[in-house]
Structure formats: C-alpha cells, structure tokens
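Here the sequence shown is numbered in the working numbering, starting from 1353 and rising by one per residue. By construction, the Cβ of each residue, glycine as well, lies at the ideal position given by its N, Cα and C atoms.
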Amino acid sequence: MSGNRLLLDTNAILYILGGDETLASFLQGKELFISVISELELLSYKNITQKEAKAIASFLSELKIENISEEIKNQTVSIRKSTSLKLPDCIIAATSFVLNMPLVTSDKQFSIVKGLDVVLYEK
C-alpha cells in the first residue's frame, strides 16, 4: 500500500461505525477520504436512528469528502463502459484513480477495475 492517504468505500465506513476495531486500528494515523457518493449513501439510509445519524455525522466530519470533478466524471464514464460495476461504485473507483490513492473496501467487485489499487478488507 502506498502512503498514508486512503479512500474509504461505504462498506468500510459501516464496519468502523459498527465497532470494527481491527479496521479502525489499521486506519489509525492515516489521512482518510471518501467520495461524495459514500456520504450520500450514508446520509440517505432509511430507518436510521437519531443516535446513528449523529454517529455518521460525527465520523464524516473527520474525513475529507471529495466532490465529483470533471476529471472524476471522465474516469467514471471510462470505468462504466469497461466494467459491470454500478454507477455509484464507478464514481468511487474513479475518485480513487483521480486522487491516486488506494481504495479500502470489502467489495471484491472493485478488483475487476484494471489498475485500481484496492485494499480488500475481509472481516
């Protein structure tokens, strides 16, 4: 893995919020980023409690949230045309490419994206 900068997939964030100490320990001291897509996925979950919403908001405040730039759009289109990934995952993968940082995820599907630096987390 290169450097101390990592992009977190939504599922990695859910593990952390769920109390996964192994992943939290691995991420300690790293500069953490997420795609705006992950932010939207987390904030739009139905039936979350007020306590869960506060925990999500608190965690998000500690991360750098990357919006969708023109470069990310172009990379997303390229990934979408060449893989079977769903559009939100294509945007997350494109964000990883553009920011030139590994993507921490438990979703093996990201491995189909050629050249994507994936840190596969298996609980």
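TODO: Pick out whichever of 1446, 1440, 1359 and 1417 has its Cα sitting closest to the Cα of residue 1430.
DONE: The residue among 1446, 1440, 1359 and 1417 with its C-alpha nearest the C-alpha of residue 1430 is 1446.
Task: Pair within 7 Å by beta-carbon distance, residue 1388 and residue 1424 - done: If you check the CB distance, residue 1388 and residue 1424 do not come in under 7 Å.
Task: Sequence-distant residues of the same chain with beta carbon closer than 6 Å to residue 1367, five excluded per side - done: Cβ within range, chain order: 1375.
Task: Euclidean distance between Cα positions of residue 1354 and residue 1458 - done: Any reading at residue 1354 must be qualified, since the residue scores a pLDDT of 49, below 50, and its modelled position is unreliable; the value itself is stated next. Cα to Cα, residue 1354 sits roughly 18 Å from residue 1458.
Open item on the list: Could you compute how far the alpha carbon of residue 1453 sits from the alpha carbon of residue 1362?
Closed with: Cα to Cα, residue 1453 sits roughly 16 Å from residue 1362.
Open item on the list: Given a cut-off of 7 Å on the beta-carbon distance, is the pair residue 1455 and residue 1407 in contact?
Closed with: No, Cβ-Cβ distance for residue 1455 and residue 1407 is not below 7 Å.
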